[in-house]
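Enquirer: Residue numbers (my numbering): -17 to 137. Here you go, one structure.
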């Protein structure tokens, strides 16, 4: 059984040691990776469970703080599409497949805007205002070989 806590990419501004406050009875924590994957793996020996149903709950706690960045979008220059870093983060990857449908959608969202920051902001706003939050485990999509971008586009 996996327990997922706050996304790992927030580690740069949160306490890197979240504490599992309570786990189900009989649970044995086998591993906890609080620094990267954001998961705690625990097992419950079924021979110790007498009930016909198992209701699992777990509480955890971590500390975080707000950070605000002031961005002057007028000072942002166009990206240099020839550099390796740009190419690395704008091409398909195993969990993000940039399909013609996704390209078409992105272009329809940004319209004629050329500034990278407002473009990114428009796509961000579109995603959070259009798609419901999904707690589909990344491991399920990876095991099913379904890119997260495809899953989101089809939901």
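For glycine and all other residues, C-beta sits at the position ideal for the given N, C-alpha and C.
Output yes or no for whether 8 Å exceeds the beta carbon distance between residue 78 and residue 136.
Expert: Taking the first residue of the chain shown as 1, we reach residue 78 at position 96. Taking the first residue of the chain shown as 1, we reach residue 136 at position 154. No, Cβ-Cβ distance for residue 78 and residue 136 is not below 8 Å.
Enquirer: Compute the beta-carbon to beta-carbon distance between residue 97 and residue 47, rounded to the nearest angstrom, for a pair I have assumed lies under 8 Å.
Expert: By 1-based counting over the chain shown, the position of residue 97 is 115. By 1-based counting over the chain shown, the position of residue 47 is 65. Going by Cβ atoms, the distance from residue 97 to residue 47 rounds to 30 Å, so no, they are not a contact pair.
Enquirer: Using 8 Å as the threshold, is the C-beta distance between residue 80 and residue 73 below it?
Expert: Position 98 of the chain shown, counting from 1, holds the residue named residue 80. Position 91 of the chain shown, counting from 1, holds the residue named residue 73. For residue 80 and residue 73, yes; Cβs fall inside 8 Å.
Enquirer: Hey, how far is the Cα of residue 95 from the Cα of residue 120?
Expert: Sequence index remark: in the chain shown, residue 95 carries index 113 (1-based). Sequence index remark: in the chain shown, residue 120 carries index 138 (1-based). Using only the alpha carbons, I get a separation of about 32 Å.
Enquirer: Count the other CB atoms, across all protein chains shown, that sit within 10 Å of the CB of residue 101; report buried if there are 16 or more and exposed otherwise.
Expert: Your numbering for residue 101 matches position 119 in the chain shown. Label assigned to residue 101: buried.
Enquirer: What would DSSP say about residue 75, mapped onto helix, strand or coil?
Expert: Taking the chain shown and counting its residues from 1, one reaches residue 75 at position 93. Strand at residue 75.
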